[in-house]
Every structure is written in C-alpha cells, then in structure tokens.
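Numbering (my numbering), first residue to last: 2 to 318.
The beta-carbon is built from N, C-alpha and C at its ideal position, and this holds for glycine as well.
Here you go:
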C-alpha cells in the first residue's frame, strides 16, 4: 500500500442504509472512533422514506464522512455499488447500517491490507453475532482461497457470512448487480477471477435489532417480500446454475442442489410455471431422491401464494 502519512485514502467504508434512523448512527460512530489515518466513510441512503439523512447523517461534522443519496430504492447490492463508485480508497470495506466495527478493527485492516499479496483481491474477516457466535464457520485463518477452494468451503459451512474488504480495482471486472438482486452470484464470479485471504480477526459485530431485518419480520410481510423478490431471485439462481453449475456439482454438490431448488421455488412464485416445471424435471433427473422438490412443485402449481405461505411459515415469526 502506498499510504504512509495519511494524506491518501487507503480505505473506504461503504455503509448502505434504508430507513435505519435508529441504528445507522451506531455504525457511523464505530468508524469515527478509530484513530487510523487515511480512511473515509461513504453512507449510501437508498431512497429512505424516513428522515435518516436529515436527522442523523447531517449531524456529523467531519471530512471523513460523505453521503450519497439515491432517488430510487435499488436494494442493498445497488446501494453498495453506488458506494463503490463514490469511493476513493484503494480498498473498500462493507458495513451494514445496523452493525458496528469492533474497537481496533481499522488498525487490523491497515496491517492486513498493507501486507496482502498482489494476487489477493479480498480480505475475508470474521463477525461476532449478538448470540455470541462467530462467523464464518468453519474457517481457516491464513488460507488463500481460489475458485475451487471457495466452492469446497461453501459446501461445508454452517454459517457463511463474513466481512468483505475488497480491492476497489476488482470492481472493474466484477460488480454487484445494479438491479434488485442478490449477492450470491457476485461472490461466485469474484471467486472465479480473484483470490481471497481468510483472516482470523473479528472486525465487526452483527446486530439483530433493526425492525426491518428479514429475521425480524412477520409472516405476512415475509410472504409479500418473497413474492416481490421472486423474479430477481429466479434470475440470480438461473445465472448461477448456467455459469457455475458444472463446477458446483463437482466441488459443492449440496450447494448445487440448493441453488436448483431455489430456482424452482422462485420461478413458481414469480409465475413462470413453464420454466419452473422444466427446472423441476431437470432437478428430479439429476437428484432422483430429492423428494422435497415435489412438494414445491405441487404447491407452486396450486398457486404461487400457497408456496409463499409455506416458505414464510418455515422462516418467519
């Protein structure tokens, strides 16, 4: 890294937020408490309908903090990409607006970023969750994962989320999807092109106290969200199966089966019955003992609402 005197920006912390007035200040404050020079905070407001920006973000008087206001709600991936485009740092760290950095996190990142080999484009660091658990699990600090390593690791995980600190130049080759979509495809595309260094340091704490978290929503709201997001989820799963399916079946067969099942579910919910049935028949031929997919098919043919009710019943409150 070239920054030694703090006159250059080595790190951009991108915080996407949407209607998080009550918690985004915690995330910002956790960044501002750090004494490491040469970093900036880019808060991306994803067209909030509350007064997140006016009541919270404008109260900070520091050159470290910049805000990007989107006029249309694009979802977390699009908001992260807007933050990347506004970032000046050599590295980009993503922090959710309801989470916070651990004390000393930026000093650890300074060390890791400065010592990262030129063929490493991402540092994957650990989270501490409110329940006291760490993620990801399992984890091998010091390991460098290429594409096949990443797929094999994905096959074993019980808790997969990790903190991403990514070289900004890599986004010229792999970007978060701008449409309302899901980041799974991005991570697979990234792993195909770039190496990831696994770090054993805990850099952020994940909180579950935001009212609009998926895990906190009611079943009725979850059903509506599942239907609303069905088409982009279907497109994401289809892309993954088309571009990574063969490699997944070789190195991560359980994940391959999961993505196939997710595609069928989303296609039924989005109203694409023909595509869903084609996917179901292909799934059955490849996984003849996967009897649960027939339940998805029966509910999907009955009505997309019936399938969304069943999925929400297993995931919501």
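Worksheet item: Considering only C-alpha positions, which residue in the set 21, 30, 32, 72 is nearest to residue 51?
Response: 21
Discussion item. Would the stretch 253-261 count as touching the stretch 219-232 if we require 3 or more Cβ pairs under 8 angstroms?
Written reply: Remark: fewer than three beta-carbon pairs, one from each stretch, lie closer than 8 angstroms, so the stretch 253-261 and the stretch 219-232 are not flagged as touching.
Practice prompt. Rounded to whole angstroms, what's the CA-CA distance from residue 300 to residue 307? Just pull it up for me.
Written response: 6 angstroms
Worksheet item: DSSP puts residue 92 in a beta bridge; with which residues?
Response: 12, 168
Practice prompt. Determine, using beta-carbon pairs with one atom in the stretch 30-45 and one in the stretch 116-129, whether at least three such pairs fall under 8 angstroms.
Written response: No, the stretch 30-45 does not touch the stretch 116-129.
Fill in: First through last residue of the beta strand (DSSP E) which encompasses residue 57
First-last for residue 57: undefined, no H or E at that position.
Worksheet entry | The beta strand (DSSP E) enclosing residue 184, as first and last residue numbers | Looking at the DSSP string, residue 184 is not in any beta strand (DSSP E), and its letter there is neither H nor E.
Worksheet item: Among 107, 108, 198, which residue has its Cα nearest to the Cα of residue 142?
Response: 198
Discussion item. Quick check on the burial criterion: 16 or more other C-beta atoms within 10 angstroms. Buried or exposed for residue 183?
Written reply: buried
Fill in: Three-state secondary structure (DSSP) of residue 243
helix
Discussion item. Per DSSP, what are the beta-bridge partners of residue 252 in this structure?
Written reply: Note: residue 252 sits in no beta bridge, so no partner.
Worksheet item: Going by other Cβ atoms of all chains shown within 10 Å of its Cβ, with 16 needed for buried, is residue 97 buried or exposed?
Response: buried
Worksheet entry | Contact with chain D by residue 35, beta-carbon distance below 8 angstroms | Absence of chain D from the displayed structure is noted, only one protein chain being present.
Worksheet entry | Exposure of residue 286, with buried meaning 16 or more beta-carbon neighbours within 10 Å | exposed
Worksheet item: With burial defined as no fewer than 16 other Cβ atoms inside 10 Å of the residue's Cβ, what is the status of residue 215: buried or exposed?
Response: Reliability fails at residue 215, whose pLDDT of 48 lies under 50, so the model's placement of it is uncertain and no value is given.
Item to complete: Report yes or no: do the stretch 186-206 and the stretch 140-158 share at least 3 C-beta pairs separated by less than 8 angstroms?
Response: yes
Worksheet item: Considering only the beta carbon of each residue, do residue 102 and residue 31 sit closer than 8 angstroms?
Response: yes
Worksheet item: Counting along the chain, where does the alpha helix (DSSP H) carrying residue 149 start and finish?
Response: 148-157
Item to complete: Out of 99, 203, 223, point me to the one whose CA is closest to residue 126's CA.
Response: 203
Worksheet item: Would residue 334 be called buried (16 or more neighbouring beta carbons within 10 Å of its own) or exposed?
Response: The chain is shown only over 2 to 318; residue 334 falls outside these bounds and no answer can be derived.
Worksheet item: To the nearest angstrom, how far is it from the Cα of residue 231 to the Cα of residue 59?
Response: 36 angstroms
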